[in-house]
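Encoded as structure tokens, the structure appears first; notes follow it.
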Amino acid sequence: MNPREEKVSIITEESTANDEDAEVGRREKSSKVQRQQRKKQPPRADSEEMVTGKAQPGQEEPEMHLLSMPARRGPRSLPPIPSMSRTGFAEFSMRERLREKLQAARSKAESALLQEIPTPRPRRLRSPSEKELETEFGPEPCKESQATSHRNDSQSYSRVKFHDAVQKIKSKPQAPPGFPSAEEAYNFFTFSFDPEPEEPTVKARAKNRDGTHQEEEGEEESPAGGMNKMVLNVIARAGTPQKDEEELLGSQDAKDFLLGLDPAPDEFVVVRPAEYEGTHTWLEKEKELLFFPSRRAVPTWKKLPENVQPRFLEDEGLYTGARPEVARAQQNVVENRLLRQEPERKWFGDDGRILALPSPIKPFSSRPRPLAQEPSAQAGLETHYKKAVKYVHRTQHVVGSADPPGSFQLDIDISGLIFTHHPCFSREHVLAAKLAQLYDQYLARHQRSKAKFLTDKLQALRNAVQTGLYPEKPHQSLDATQKTIKEYKSEIRETRKLRDAEQEKDRTLLKTIVKVWKEMKSLREFQRFTNTPLKLVLRKEKVDQKADEEAYEAEIQAEISELMEEHTEEYEQRLGEYRASYQQWKAWKKAQKAKKKKKKQAEEHPEGEAEEELYPGEEPVKPIPPELLDHAVLEQQARERAAHSRRRPGEPVLLPELSLTGSVTPDDQCPRAEVLRREDVKRRSVYLKVLFNSKEVSRTVSRQLGADFCVHFGQIFNLQIFNWPESLTLQVYETVGHSSTTLLAEVFLPIPETTTVTRRAPVEEVEFSSSQHVTLDHEGVGSGVPFSFEADGSNQLILMTSGRVSHSVAWATGDNGTPLIPPPSQQSLGFRSALKRADAISSIGTSGLTDMKKLAKWAAESKLDPNDPNNAPLMQLISIATSGESYVPDFFRLEQLQQEFNFVTSEELNRSKRFRLLCLRSQEVPEFRNYKQIPAYDREILEKVFQDYEKRLRDKSVIETKDHIDTHRAIVAKYLQQVRESVVNRFLIAKHHFLLSDLVVEEEVPNMSSEGSGILGLSLFKLAEQKRPLRPRRKGRKKVTAQNLSDGDIKLLVNICRAYDIPVRKPPASKSQQPARSSRTFSDRHAASPGAHSPPHSPDTPLSQVSVRPFVEVSFQRTICHTTTAEGPNPSWNEELEFPFRAPNGDYSTASLQSVKDDVFINIFDEVLHDILEDDRERGSGIHTRIERHWLGCVKIPFSTIYSQARIDGTFKINTPPVLLGYSKERNVLLERGLDSVRSLSEGSYLTLFITIEPQLVPGESVREKFDSQEDEKLLQATEKFQAECALKFPTRQCLTTVTDISGKTVFVTRYLKPLNPPEELLNVYPNNPQATAELVARYVSLIPFLPDTVSFAGICDLWSTSDQFLDLLAGDEEEHAVLLCDYFLFLGKKAWLVMGNAIPEGPTAYVLTWEQNHYLIWNPCSGHFYAQFDTFCPLKSVSCLIGPDNIWFNIQQYDSPLRINFDVTKPKLWKSFFSRSLPYPGLSSVQPEELIYQRTDKAAAAELQDRIEKMLKEKIMDWRPRHLTRWNRHCTSTLRHFLPLLERSQGEDVEDEHRAELQKQLGDYRFSGFPLHMPYSEVKPLIEAVYSTGVHNTDVPNVEFALAVYIHPYPKNVLSVWIYVASLIRNR
Amino acid sequence: MAEAHVIGQIIGATGFSESSLFCKWGIHTGAAWKLLSGVREGQTQVDTPQVGDMAYWCHPIDLHFATKGLQGWPRLHLQVWSQDSFGRCQLAGYGFCHVPSSPGTHQLDCPTWRPLGSWREQLARAFVGGGPQLLHADTIYSGADRYRLHTAAGGTVRLELGLLLRHFDRYGVEC
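Those sequence lines, one after another, are chains A and B.
2 is the number of the first residue of the first sequence in my numbering; add one for each residue after it.
14 is the number of the first residue of the second sequence in my numbering; add one for each residue after it.
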């Protein structure tokens, strides 16, 4: 119930109260009836419950109507309450009658129905009441009127009353117009339709009731008929009183009936037309009710309080922000409305506009708009049709293979060239150029119009000060206002100064232009012709003199007042200062006086003096009071300044305009000199060269120089770029006639930003100038030479050739719109996020964004508003950058909430030792690869687990100088490490590429037919075979896969069988031996013929004492075992030694075992018994001997060889030192010279060994990887075919055709062989002895350290490096050595081949075969030794193929031992060649370099290294003897040091005797045991190891002395030969 | 610092119209998860069922994660491919499922779908093989608006995953 309705109801009540008594009584009665009615309601609900089934449909219907009615007639519905009373009358009458009729029938039910909740009733009642009211106030009066009943009468009566009351209210004071209140509206309606008669309303009411309750049928149907029907109904139902009554009451029908049950139905029914309200009336009404705010603008004064000027905050420099866009008219409407509605103006700001917050709408959307094309809109979901393709396993394992360089394109557009000075310029041209330049400057200034900007700013500032001084509202604290005003004032001062300067500049520029133009005019007049079409017009713009003067005066006044103020301020300040200083001065004076006084006293009290000294020594000057400046003086100053820099008032504004409309005098009217000049100009032509990265890439066409000295090219050069552009240069060339061209100047163009692409690139002009001196014999002024405009030659000018090139450089865009820009060399994304403003990027370029200074400058220049929130990030950035605190987060956090939910921080997660260990284990980091179990808790993991690993990580970056004493090797070692890592990574990837055979073992079906491999056939035969127990067969051992092994499972078995030719002791007496051997020449050695072994040579020493008592000591992984001592130079031990084997970290995987670097050291010692009895008398009673062991030699076998070979069986040459003092291998008696010659030729001691691993391990297989290759496909196919054929015939013989180079590509092997030059020095040593040279070269090659690929690359694959790589790396395995040696031999003119075969102990290896005059020599490239073909001790045991520079020959002979084969490759029956007639040699180019370049090794570095090694070894020896004192014999050391170079020169041969003699001479009374060791230098560790293995330090003779000398002989290319001489000396007694 | 072990296998796939199926799988986790050991992705062998239509792979999955948060719980994405008689491979379905979050063994069925493509592509697929594939495979598990895709249902991949959780209770995650 809205308030309006309430009021109406009150009014009604009032009216009734005021009425007569009768009326009162009626009302009372009616209300009683109503009450009764309410009471009557309950039974319905009750009965409903009883008769639910029937009653429900009926009840639902009225509900629907009730709901629908107000909705339909809503606008006109009026409150129910006043109607309530009235409805009372209407219903009363009807119900009264009804009751009378039904009284009899319902007597019984009545009592039960009386008690019920009346709630549903009012709702029910509302609907009729609404209708009634509506009809009552209906706009259209009813024409039909019928007889009125007394009830109607009474109703109309009450209505009259009501109207009266309403009229009374109407006279009450009104609310302000334009805002119709409820009463107003009500009055309006009621009043205007007063004359409406009452009867029709009642009728209408009845009719409506019918209409609504009988589903709108009442209108057509005759109401009476409807009524009658109902009456009949009721009567019929009355027969069954109880039930019918309930039904009637429960259903709406019943109510209809009750309502319609009227004795005179016609009275209630009236026919009316549709309601209609005229537009005119509506408008009338609206006019009264509504207020239309005007659309016209509201004057500002209305919006502001009286006498207040609008204040514009923006002009005062405050940030206001952009107001939201609202249409002007709309704003006006709102303003008008607000003014009308809320006169207190709180909605208006200081500037008279409606208050508004800055527009909250961002100028761009933060979510990028979906692109126009449909496919890209769903880029994330794009599908792509792919053909069904075969799966190809790709192995892209090229080390350092980069992406193919993309094609990038740079577009250089050269549009033209203008000379601002040229030698051919006439004087007029010079002036014209000057004028043009000035005019350009003018235009630029004009466009910027800085003076105007500053003037405006000044104005705004002044306004701000004005408003600030006299604010209408003191909303700021006085303090702040003062402060801002002060700031304003200082800014005003600044601005004024700037403005004055600008204005002055403008003015001088204008003056200069005019001056130049005048000069030009006079020149033209003087020379009587014109050369240039330039014409200057000065346009005058009239100004309003008076206004101008006023403005001028006002400006000056303002300035003066400001100046005055400033001065006053300054004066005040100075005055204040003056006062202060005056006070001070006064005080000082006083003090001075006091002091004087004191001084007198001080004579008596000297202790006061100290105090006086504290007083400042200097004497303050008496201050001068400041002067106040006169107003007149100030005015004078201001006026002067204004006159100087400003246009005088009333003076017209001058606007210069330069045009090219002038006419040039034709040639025939010019003097001769000028004609000459013009011809000269015509002869000249210009072109440009484009240089990219200082390489000429293209040039423009040559264009003639025009009379205006402009050249138009208009050419675009598209540069396809592969390198990152570094410089871009244009060279300007000038051609005179047909003579030579001269380079005028170079123009450097900037490389465009990556954001600049072709279409967007602006055309820029770059100036250039040349320092050329040109003097011409015609009118041309020349260049670089002085000339003058004056006749007398004064005022000389020197101009240089200069000009401008207009061009544009940009990156091209590809077909699909992608710019072809190379990726920027350094990413600088740090600050991008903060910068959203595109204009910043366009103005200073993308790279400028990273340059803080540039950015700050730009921000200052473009006057960014620091208060604008849009600029906040930029401002912050700049402030950070300029203040130096540089914390700019360079990250952008996704999922920023994640941190909140984290259990722990990531630091903590990373700190977890357990996780770290798990990760490292799963990454197969060597240190942790074999951790079986990792503790479950962090606390159980010790920190030291990581120590090794961390140390290694640290060391990776630091070059360890301890192990690698010289830097080159350290670098190489590091490089090798890197190569190794990359190869290992490749290998790890490759390991996951399995072939079918890797996963599936397919047993071949036994083949009956083939004799060799037929398992079935053979085994069948075996069954039938006789058992022969006396002929034992070697049973194949079961191979063990390495995975499930643990420490102690594997043993290394070393079986030492026997040795040959052990050096024998030399009795110290036999000093002089015949030097027979030294005379033996090379030719003797290889002339040996094959012969049988001689029986063990028994020494025939005259004294029949044991010549040598050798024993063998084997050490492996620091486990040492030794055999028993045998006797004689050819001992036989036949002992098996057993060593436990521990894999690193307990990792028994193949890869790990392959990379075991341990060696098996087999040392041979001589056991010497020394009698140490000091007293001969005790000899009878005791034996005092000391066992000494003298090292004789060693054999070193790497474990990796044993592992890959599974067993090693053979006779090895013992590596004996070249000089073994006290021992000799010489046979004293040369009885069996013939037989002995074989052995003496090979000149060494030999040891027969058998080494194996128990149980047998499966050797790792090298990866069969198919690397990509650059070889011809045909060739590759041929190699496969060749290999397959060879493998079919001789499966055990290795056939090598292609190898893998260091970058992982397959290369045909012959490409490695090519004559290569050995170092010059080596060739020069023996110029006439080719054999000696060859030996020297072989020695050089052998000095390059050996590093097997299996160790460096963990058995992955055999990589062949080219010789230059090999020499750079200074490490390689047999192949590299062999290739280098072979190449050297080829260079030396020998016939040389690479021999692929098996050797002991290396296994499959490469040797070099050379053809000397009549025999073959086999060279071991790693040791430098060579063997004749028929040498029994040649380590090469089998030959499978030979490789020459242009062919490969595979051995198809029955035997493969070098002793038994023929090396003549021309015989196709013996050697199968790769290139034959069917496949001729295609002439493959070599992968080797053209020439090897050798740097001389630094001798000084070598000497330094030598000292360091010596020092280190000495320390080591002392360390190894912790319990003894180690003395060094200096004398001996120096002797040894002299001796070592000698050894190097002779390569360790045939110096023994001389050496011995010398030693003997020098150290006569010492017993000396020691030997020189020789080895290639790789690092320090092997040296130490070698010294250790000699066991020299293992002596505990009390007075032993040591000597140690190191000599390093440097060979070219940093190849170092290291000699170490260790000796122990015992003084003889 | 909680840890989770995912141990299980991709048992096989059923309901695909193609035979000779293999499966590429991968596990995707949020930034909070760190793989301690195991392989994140892999590919099974090609299985051609002789009996029935279920292709069995029994491909092991064994992953050990450490996590500092629950976000980005591991999810498994699968691509089922089929190989035809010429040895050519084509896509048969994409699938995705979360690794279960309660410890224990779980049998998972992961239904798959594949993009349908235009009628031309469908025709091409029917006759010459191949078919539309997602350009960005991360769509399989990312919640991009996929409503533009027209897809056809593939078969179901059956997985058996065992989950072991450790220390989750320490951070208030009950499981």
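For glycine and all other residues, C-beta sits at the position ideal for the given N, C-alpha and C.
Where residue i falls: helix, strand or coil (DSSP)
{"i": "Tyr1341 of chain A", "result": "helix"}
{"i": "Val141 of chain B", "result": "helix"}
{"i": "Gly783 of chain A", "result": "coil"}
{"i": "Phe1 of chain A", "result": "Outside the displayed span of chain A (2 to 1630) sits residue 1 of chain A, for which this structure offers no information."}
{"i": "Gly39 of chain B", "result": "strand"}
{"i": "Ala389 of chain A", "result": "coil"}
{"i": "Tyr1482 of chain A", "result": "coil"}
N-terminal and C-terminal residue of the alpha helix (DSSP H) that residue i is part of
{"i": "His1631 of chain A", "result": "A question about residue 1631 of chain A goes unanswered here, because the residues of chain A that appear run from 2 up to 1630."}
{"i": "Asp1520 of chain A", "result": "Lys1500 to Trp1521"}
{"i": "Leu1387 of chain A", "result": "Glu1375 to Phe1388"}
{"i": "Cys1533 of chain A", "result": "Arg1531 to Ser1547"}
{"i": "Val1601 of chain A", "result": "Where Val1601 of chain A is concerned, there is no enclosing alpha helix (DSSP H), given that its DSSP letter is neither H nor E."}
{"i": "Glu675 of chain A", "result": "Arg673 to Arg684"}
{"i": "Phe1367 of chain A", "result": "Ser1364 to Leu1370"}
{"i": "Lys303 of chain A", "result": "Thr301 to Lys304"}
{"i": "Glu1274 of chain A", "result": "Glu1274 to Lys1290"}
{"i": "His430 of chain A", "result": "Arg428 to Arg449"}
Cross-strand partners of residue i (DSSP beta bridge)
{"i": "Asp1160 of chain A", "result": "A:Pro1199"}
{"i": "Ser1133 of chain A", "result": "A:Arg1059"}
{"i": "Ser1474 of chain A", "result": "A:Trp1450"}
{"i": "Asp75 of chain B", "result": "B:Ile20"}
{"i": "Lys696 of chain A", "result": "A:Phe693"}
{"i": "Glu495 of chain A", "result": "BP columns for Glu495 of chain A are empty, so no partner."}
{"i": "Asn719 of chain A", "result": "A:Asp412"}
Close Cβ partners of residue i (< 6 Å) along its chain, the five nearest in sequence each way excluded
{"i": "Pro1096 of chain A", "result": "The pLDDT assigned to Pro1096 of chain A is 37, lower than 50, so where the model puts this residue is not dependable, and the model offers no usable value."}
{"i": "Ser33 of chain B", "result": "Val59, Thr61, Ser95 and Gln96"}
{"i": "Ser697 of chain A", "result": "Just to set this straight, residue 697 of chain A is Glu in the shown sequence, not Ser. Excluding positions up to five away in sequence, the list reads Lys690."}
Span of the beta strand (DSSP E), counted from its first residue to its last, around residue i
{"i": "Val733 of chain A", "result": "Leu729 to Val737"}
Same chain, Cβ closer than 8 Å to residue i, five either side skipped, listed in chain order
{"i": "Val466 of chain A", "result": "Ile486, Tyr489, Lys490 and Ile493"}
Own chain, CB closer than 7 Å to residue i, minus 5 neighbours either side, in chain order
{"i": "Asn229 of chain A", "result": "Caution applies to Asn229 of chain A, whose pLDDT of 47 falls short of 50 and renders its modelled position unreliable; the value that the coordinates give is listed next. None."}
{"i": "Arg640 of chain A", "result": "Ile557"}
{"i": "Phe530 of chain A", "result": "Thr666, Gln670, Cys671 and Glu675"}
{"i": "Leu499 of chain A", "result": "Leu455"}
{"i": "Gly1527 of chain A", "result": "Looking at the sequence itself, residue 1527 of chain A is Thr, so the reference to Gly does not match. Taken in chain order, the residues that qualify are Ile1518, Met1519 and Phe1603."}
{"i": "Lys522 of chain A", "result": "none"}
### Query
Okay, do the region 140-154 of chain B and the region 85-105 of chain B touch, 3+ Cβ pairs below 8 Å being the bar?
The region 140-154 of chain B, when compared against the region 85-105 of chain B, does touch it at the 8 Å Cβ threshold.
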